[in-house]
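Undergrad: Pasting in a structure now, in structure tokens, and then I'll have a few things to ask.
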Amino acid sequence: MRAFLTFTERLEIIARMSVPYSFMLLLLLLDVMAAPHPLNFLVAAPFIFMAIHYWSIYRPSMMPAFLVFIVGLFLDFLGGTPLGLHALLYLLASTLLKYQRRFLINQSFMISWLGFVVVISTVSFLQWILMSAFYLAILPLDSLMQPILLGVLFFPLILSLLRLTHKVL
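If you're matching positions, the sequence shown starts at 87 in the numbering used here and goes up one per residue.
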């Protein structure tokens with residue numbers, strides 16, 4: 087048995103790892119981009135959170151806590167939300183998902199979808215409460231409901247794409 091990997095084996099590992107991380111970067115960019123007027127509803131879809139949710143369950147080593155924290159800070163910085171809000175909520179959700187990994191990993195698609203609905207609803211509700219407290223006003227309910235509804239709508243598509251990137255690994 088060899089103790090070291092050859093150069094081509096290392097390149098293959100790098101190439102395989104670049105696929106899911108590139109897809110996560112695309113989802114992150116979708117989260118922060120400004121869409122043209124007919125498509126501006128897409129901006130509220132929690133695309134990167136779908137990736138955090140998936141990788142926290144199916145391959146936690148792909149989504150370490152520091153990466154979740156950095157992604158959250160990036161969203162806060164570019165989205166104009168209080169610095170640390172997304173970082174805290176996403177880190178909390180990721181940690182809880184990793185603790186429930188044994189239960190969630192072998193579930194059917196419908197249970198996975200239902201689990202995502204529960205988690206995104208909780209995260210969105212906490213975000214809505216914290217943002218309302220930050221602005222000292224009750225924010226409109228559409229800022230609470232839009233990420234939940236769009237997350238539920240887009241989750242099957244993003245989940246299938248995440249599963250494809252997982253097969254590459």
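By construction, the Cβ of each residue, glycine as well, lies at the ideal position given by its N, Cα and C atoms. Since this is a predicted model, take the numbers as computed values, not measurements.
Could you tell me whether the Cβ atoms of L175 and Q232 are closer together than 8 Å?
TA: Cβ distance not < 8 Å, so L175 and Q232 don't count as in contact.
Undergrad: Taking the alpha helix (DSSP H) that T167 falls in, what are its first and last residues?
TA: Run containing T167: none; DSSP gives neither H nor E here.
Undergrad: Identify the continuous alpha helix (DSSP H) that holds S108 and give its terminal residues.
TA: From DSSP, the alpha helix (DSSP H) with S108 extends over F93 to V118.
Undergrad: What's the gap between the Cα of L225 and the Cα of R188?
TA: The alpha-carbon atoms of L225 and R188 are separated by roughly 37 Å.
Undergrad: Should Y140 be labelled buried (16 or more other beta-carbon atoms within 10 Å of its own) or exposed?
TA: Buried: at least 16 other Cβ atoms inside 10 Å.
Undergrad: Straight-line CA distance for K253 to L247?
TA: Straight-line Cα distance between these residues: approximately 10 Å.
Undergrad: Give me the residue from Y107, L200 and F163 with the minimum Cα distance to L239.
TA: Residue L200 is the option with its Cα nearest to L239.
Undergrad: Would you call the segment 102-120 and the segment 147-162 in contact, with 3 or more CB pairs under 8 Å?
TA: Enough Cβ pairs lie closer than 8 Å, so yes.
Undergrad: CB L183 to CB V205, shorter than 8 Å?
TA: Result yes, Cβ atoms of L183 and V205 sit closer than 8 Å.
Undergrad: Quick check on DSSP: helix, strand or coil for Q232?
TA: Residue state, collapsed to three classes: helix.
Undergrad: State the DSSP-derived secondary structure class of Q150, mapped to helix, strand or coil.
TA: The question names Gln, yet the displayed sequence has Pro at residue 150. If DSSP states are grouped into helix, strand and coil, P150 belongs with coil.
Undergrad: Residue range of the alpha helix (DSSP H) that L212 falls in?
TA: Taken as a continuous stretch (DSSP letters only), the alpha helix (DSSP H) holding L212 covers F195 to Y221.
Undergrad: Could you compute how far the alpha carbon of G165 sits from the alpha carbon of L153?
TA: Straight-line Cα distance between these residues: approximately 18 Å.
Undergrad: My understanding is that L255 touches R96, with C-beta atoms under 8 Å, so please give their C-beta distance in whole angstroms.
TA: Not quite, the Cβ-Cβ distance comes to about 15 Å (not below 8 Å), so this is no contact.
Undergrad: At the level of alpha carbons, what is the spacing between L91 and I244?
TA: The straight-line gap from Cα to Cα measures roughly 33 Å.
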